[in-house]
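**Q** Protein sequences appear in the order of chains V and S.
Taking the numbering used here, I'd label the letters of the first sequence as residues 17 to 403.
Taking the numbering used here, I'd label the letters of the second sequence as residues 1122 to 1411.
Think of the CB as a built atom: it goes at the ideal place given N, C-alpha and C, for glycine as much as any other residue.
Note that the structure is predicted; figures quoted are calculated from it, not measured.
Below are the structure tokens for one structure; questions will follow.
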Amino acid sequence: MNLHEYQAKELLASRGVPIPRGSICYTPLEALVAARRLGTEKVVLKAQVHSGGRGKAGGVALLTMNDDIRSAAADILGKRLVTNQTGPDGKPVSALLVEEAVPIDREIYLGVVLERTTGQVTIMASPEGGMEIEKLAREAPESIFTLRVSPLRGLVSYQARDMAYLLSDHHVLAAELAKIITALYEVLVDYDCSLAEINPLVVSGDKVLALDAKVNLDDNALFRHPEFERWRDRSQEDMLELAAHKDGLSYVKLDGNIGCMVNGAGLAMATLDLISLHGGAPANFLDVGGGASEQAVMDAMNILLDDERVKVVFINVFGGILRCDVLAQGVVTALETRHIHLPVIARIEGTNIEQGRTIFRESGLPIELISSLDDAAKLVIKKAASV
Amino acid sequence: MAILVNKQSRVVCQGITGRNGTFHSLACRDYGTNMVAGVTPGKEGHSVEGIPVFNSVWKAVRETGADVSIIFIPAAHAREPILEAVDAGIRVIVCITEGIPPLDTASALYTVRQEGGYLIGPNTPGIISPPEKCKVGLMPGYIHTPGRVGVISRSGTLTYEVVDQLTKNGVGQSTCLGLGGDPVVGLSFIDVLKMFQDDPETDAVVLIGEIGGSAEEHAAEFIKTEFSKPVAAYIAGRLAPPGKRMGHAGAIIDGGTGTAHGKIQALTDAGVTVIENLTQVGSAVKAMLQ
């Protein structure tokens, strides 16, 4: 679960990380009042969306108290922000973070992740803050300091200090940096984050502040952090993806018109690739799960049928734990209930395949059963083109 | 002798009295596995169709000589059963469970590694060796056939699809292993490739990868310099958009890294036969072996 910048900052502040003064605003008037209350020469208006690249997309405005703050806020609030990460539809901006603008003497990168390859919490710091870490890793990898933390001992204070000394010779600043490094590490570990990042961490005069913060909570661990559920922003997600998630299904919207249902994430991805290879365009990724029930299959069919772009449905199931008859029944029931007769092409394999075939055949619905996966994919594309 | 599990392996199922634990323990036994015990705290003295249930793993090990464990315990509580198995002396642990918080996995994995053990998974369909008639997992046994090709995969049903094709093309399998779909897993492609390199009963390997992380890229480096047997690969997720979790917790393109194209390139550069059309994997591997 992604957090907004203001939520991430609130979380970090609660652990002792200094952040710029500011408040969250939902209307242009609120933004104006908040700016005036800050009393600083300059303020920053920052669109709160689950995306990076907001600045380039016009989602960040640096203003003086002489500028028309209400107008600037109105230009961002209530609109959809399209960044290089959101896709062409962008994401709705319903909140602005209005902050004091601080002079920036130095920008530092600080990030904590659970590194996949080693299975260790890894802290990364770089004196080249402000740039994306991936770009930094490509262009100036030698500027990134990396510390892998022992899962047994946790972060030992000398390790945080040593990393801070790499960033600054100035002992007061280094002490402050060590504190922040430790706090960021603790945020990741205590709240089961997949990422906790401050970029840039800014030195401004004698202060150190987190100018921007990104915290992603790991979905698998949310059950033990129920207090964060109040921070979930459904407006930042696609509606169908939300509906699927509610049903316990994995669904990702794509651009095409071929609705896909597969059991198993790897096979689902592979099915999309196969369709694309043959010149078709899948409308979605949808994994009903290895051990799906008839209800889950019905819910999955309904998600596909709710998508108006879908012209034809492709079902590719290799039944291991999922039985083909359970799948077939779920599909048939969903189609009958909805009275929607989109062409359905199914390739099923595995447990109870004959029972599954029989259910499909006897339904009287326009469901074509093809045993060759390659032929099924080609037929689906032909059907989608002709509808 | 196969890798990791064989006909001598004595398997204990942690979570045997749950629905999945029971179903799959019996299915494994039907395949030929020595399912010697189950563990569910509080249920000692029960039996699951003749498989004795114990309160603790150490007891199961003492009474039955179990040396492999399969874990079917829900995600919120799955870390400790792994530790319990290690503490009881088990050195091959198959954790089927999906949805474990990664920090829990990392913590348990540290201990497994410290004790010289192997964690397969989590979020894995398990491991099967057809020549040894030993299955420790969920995979349908009937699609497999004994042979000399090793299969290492990050997926479940995609693996079945590929194995089914291999079998239908007359290419039998020595050992098929699911690494797991999570971002942090125990064994890596490289760990298993090393085992296959030293396995006299495996002549070639098929890798099944997907987006997310850099396991395939690391494997490519290893294959280039230290793996002498032929390798074929299929990588899923060419169409995956960046930043979206594609089912598996570990299947996500993060900040430009972990793309299918990157993995395909790295593997191709390492001399691996990367197959583009999923439906041609079986025939391509058959051709590669000729």
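Taking a contact to mean a Cβ-Cβ separation below 9 angstroms, would you say S:VAL1215 touches S:ILE1191 in this structure?
**A** Looking up residue 1215 of chain S in the second sequence gives position 94. Looking up residue 1191 of chain S in the second sequence gives position 70. Against a cut-off of 9 angstroms, the Cβ pair of S:ILE1191 and S:VAL1215 comes out as a contact.
**Q** In chain V, what lies closer than 7 angstroms to S:SER1155 by C-beta?
**A** For the purposes of this step, residue 1155 of chain S is taken as the residue at position 34 of the second sequence. The amino acid occupying residue 1155 of chain S in the given sequence is Asn; Ser does not appear at that position. None at all; the shortest Cβ gap to chain V is about 22 angstroms.
**Q** If the cut is a Cβ gap below 8 angstroms, which residues of chain V does S:HIS1339 touch?
**A** Here residue 1339 of chain S corresponds to residue number 218 of the second sequence, with the count starting at 1. In chain order: THR133.
**Q** Leaving out five residues on either side along the sequence, give the residues of the same chain with a beta carbon under 8 angstroms from the beta carbon of V:LEU288.
**A** Mapped onto the first sequence, residue 288 of chain V falls at position 272. Result list for V:LEU288: LEU270, CYS276, PRO298, PHE301, in chain order.
**Q** Strictly below 8 angstroms CB to CB, what residues from chain V border S:ASP1208?
**A** Translated into positions along the second sequence, residue 1208 of chain S becomes position 87. Simply none; closest approach about 15 angstroms.
**Q** Closer than 9 angstroms, CB to CB, is S:GLU1397 near chain V or not?
**A** If you number the second sequence from 1, residue 1397 of chain S lands on position 276. So, interface residue.
**Q** Flag this pair as yes or no: are the beta carbons of V:ASN368 and V:VAL403 separated by less than 9 angstroms?
**A** By one-based count along the first sequence, residue 368 of chain V stands at place 352. By one-based count along the first sequence, residue 403 of chain V stands at place 387. Result no, Cβ atoms of V:ASN368 and V:VAL403 do not sit closer than 9 angstroms.
**Q** If you compare alpha carbons, which of S:GLU1397, S:ALA1357, S:GLU1342, S:ILE1124 is closest to S:GLU1253?
**A** If you number the second sequence from 1, residue 1253 of chain S lands on position 132. If we check each option's Cα against that of S:GLU1253, S:ILE1124 comes out closest.
**Q** Measure from the C-beta of S:HIS1369 to each C-beta in chain V and report whether the shortest distance is under 9 angstroms.
**A** Sequence index remark: in the second sequence, residue 1369 of chain S carries index 248 (1-based). By this cut-off, S:HIS1369 is an interface position.
**Q** Determine the extent of the beta strand (DSSP E) in which V:THR162 is found, giving its start and end residues.
**A** On the first sequence, residue 162 of chain V is found 146 positions in, with the first residue counted as 1. Residues 161 to 164.
**Q** Would you report the Cα separation of V:PHE96 and S:LEU1287, rounded to the nearest angstrom?
**A** One-based indexing of the first sequence puts residue 96 of chain V at position 80. One-based indexing of the second sequence puts residue 1287 of chain S at position 166. The amino acid at residue 96 of chain V is misidentified as Phe; the sequence shows Arg. Going by the C-alpha atoms only, they are around 49 angstroms apart.
**Q** Taking the DSSP output, what are the residues bridged to V:CYS340?
**A** Here the question's residue 340 of chain V lines up with position 324 in the first sequence. Bridge partners of V:CYS340: none, in fact.
**Q** For the region 141 to 152 of chain V, which residues have a CB atom closer than 8 angstroms to at least one CB atom of chain S, in sequence order?
**A** Result list: GLU148, ILE149, GLU150.
**Q** Answer yes or no: does any C-beta atom of chain V fall closer than 9 angstroms to that of S:ASN1176?
**A** Numbered from 1 along the second sequence, position 55 holds the residue referred to as residue 1176 of chain S. Chain V contact via Cβ: absent.
**Q** Can you give the Cα-Cα distance for S:THR1266 and S:ASP1303, rounded to whole angstroms?
**A** Counting from 1 along the second sequence, the entry for residue 1266 of chain S is found at position 145. Counting from 1 along the second sequence, the entry for residue 1303 of chain S is found at position 182. Whole-angstrom Cα-Cα distance: 28 angstroms.
**Q** DSSP puts S:GLY1247 in a beta bridge; with which residues?
**A** Reading the second sequence from its first residue, position 126 is the one you call residue 1247 of chain S. Paired residue(s): S:GLY1258.
**Q** Use the C-beta contact count for V:MET179: other C-beta atoms within 10 angstroms, 16 or more gives buried, fewer gives exposed.
**A** On the first sequence, position 163 is the one that residue 179 of chain V refers to. Buried, by the Cβ-count rule.
**Q** Tell me which residue opens and which closes the beta strand (DSSP E) that V:VAL396 is part of.
**A** Walking along the first sequence from the start, residue 396 of chain V turns up at place 380. That residue, V:VAL396, is in no beta strand (DSSP E); its alpha helix (DSSP H) goes 389 to 402.
**Q** Tell me the DSSP bridge mates of S:CYS1134?
**A** For the purposes of this step, residue 1134 of chain S is taken as the residue at position 13 of the second sequence. DSSP, once it has assigned bridges, lists S:GLY1159, S:ILE1191 as partnering S:CYS1134.
**Q** Less than 9 angstroms separating the beta-carbons of V:LEU112 and V:LEU61?
**A** Locating residue 112 of chain V in the first sequence gives position 96, counting from the first residue. Locating residue 61 of chain V in the first sequence gives position 45, counting from the first residue. Yes, the pair counts as a contact, with Cβ atoms nearer than the cut-off.
**Q** Strictly under 9 angstroms for the Cβ-Cβ distance: is S:LEU1230 near chain V by that measure?
**A** Along the second sequence, read from residue 1 onward, the residue named residue 1230 of chain S stands at position 109. Closer than 9 angstroms to some Cβ of chain V, the Cβ of S:LEU1230 qualifies, so yes.
**Q** Going by other Cβ atoms of all chains shown within 10 Å of its Cβ, with 16 needed for buried, is V:TYR174 buried or exposed?
**A** The sequence position of residue 174 of chain V within the first sequence is 158, counting from 1. So V:TYR174 ends up on the exposed side.
**Q** In three-state terms, what does DSSP make of V:VAL219?
**A** On the first sequence, residue 219 of chain V is found 203 positions in, with the first residue counted as 1. Looking at V:VAL219 - three-state DSSP - the assignment turns out to be strand.
**Q** Alpha carbon to alpha carbon, how far is S:GLY1271 from V:GLU257? Give it in angstroms, no decimals.
**A** Here residue 257 of chain V is taken as the residue at index 241 of the first sequence, counted from 1. Here residue 1271 of chain S is taken as the residue at index 150 of the second sequence, counted from 1. Approximately 37 angstroms, taken between the alpha carbons.
**Q** At a CB distance below 9 angstroms, what residues from the region 354 to 370 of chain V approach chain S? Give them in sequence order.
**A** Per Cβ criterion, the list reads GLU365, GLY366, THR367.
**Q** Residues of chain V with a CB under 8 angstroms from the CB of S:ALA1418: which are they?
**A** Any question about residue 1418 of chain S goes unanswered here, given that chain S covers just 1122 to 1411.
**Q** To the nearest angstrom, report how far apart S:GLY1237 and S:VAL1133 are at their CA atoms.
**A** Stepping through the second sequence from its first residue, residue 1237 of chain S is reached at position 116. Stepping through the second sequence from its first residue, residue 1133 of chain S is reached at position 12. Whole-angstrom Cα-Cα distance: 19 angstroms.
**Q** Take every Cβ of the region 1323 to 1343 of chain S, pair it with every Cβ of the region 1351 to 1360 of chain S, and state whether three or more of those distances are shorter than 8 angstroms.
**A** Yes, the region 1323 to 1343 of chain S touches the region 1351 to 1360 of chain S.
**Q** Spell out whether any CB of chain B is found under 9 angstroms from the CB atom of V:LEU163.
**A** No chain B appears in the structure shown, which is made up of the protein chains V and S.
**Q** Taking the CB atoms as reference points, tell me whether S:PRO1162 and S:ASN1176 lie closer together than 9 angstroms.
**A** The residue given as residue 1162 of chain S occupies position 41 in the second sequence. The residue given as residue 1176 of chain S occupies position 55 in the second sequence. The answer is yes: Cβ separation under 9 angstroms.
**Q** For a contact meaning CB atoms closer than 7 angstroms, what does V:LYS236 contact in chain S?
**A** Numbered from 1 along the first sequence, position 220 holds the residue referred to as residue 236 of chain V. A quick correction: the sequence has Asn, not Lys, at residue 236 of chain V. Those within 7 angstroms of V:ASN236 in chain S are ALA1196, GLY1220, ILE1221, PRO1222, PRO1223, ALA1370.
**Q** Interface residues of chain V around S:VAL1272 at Cβ under 7 angstroms?
**A** In the second sequence, counting from the first residue as 1, residue 1272 of chain S sits at position 151. Ordered by position in chain V, no residue passes the 7 angstroms Cβ test against S:VAL1272, which lies about 13 angstroms from the chain.
**Q** Could you tell me how far apart the beta carbons of S:ILE1344 and S:GLY1392 are, in whole angstroms, since I believe they sit closer than 8 angstroms?
**A** The residue labelled residue 1344 of chain S in the question sits at position 223 within the second sequence. The residue labelled residue 1392 of chain S in the question sits at position 271 within the second sequence. At roughly 7 angstroms, the Cβ-Cβ gap stays under 8 angstroms, so S:ILE1344 and S:GLY1392 are in contact.
**Q** Mind checking if S:LYS1256 is an interface residue toward chain V, Cβ cutoff 9 angstroms exclusive?
**A** Here residue 1256 of chain S is taken as the residue at index 135 of the second sequence, counted from 1. So no, S:LYS1256 is outside the interface.
**Q** Indicate the three-state DSSP secondary structure (helix, strand or coil) for V:GLY272 in the structure shown.
**A** In the first sequence, the residue the question calls residue 272 of chain V occupies position 256. In this structure, V:GLY272 counts as coil in the three-state DSSP scheme.
**Q** Less than 9 angstroms between the beta carbons of V:MET147 and S:GLY1368, yes or no?
**A** Mapped onto the first sequence, residue 147 of chain V falls at position 131. Mapped onto the second sequence, residue 1368 of chain S falls at position 247. Their beta carbons are not under 9 angstroms apart, which means V:MET147 does not touch S:GLY1368 by this criterion.
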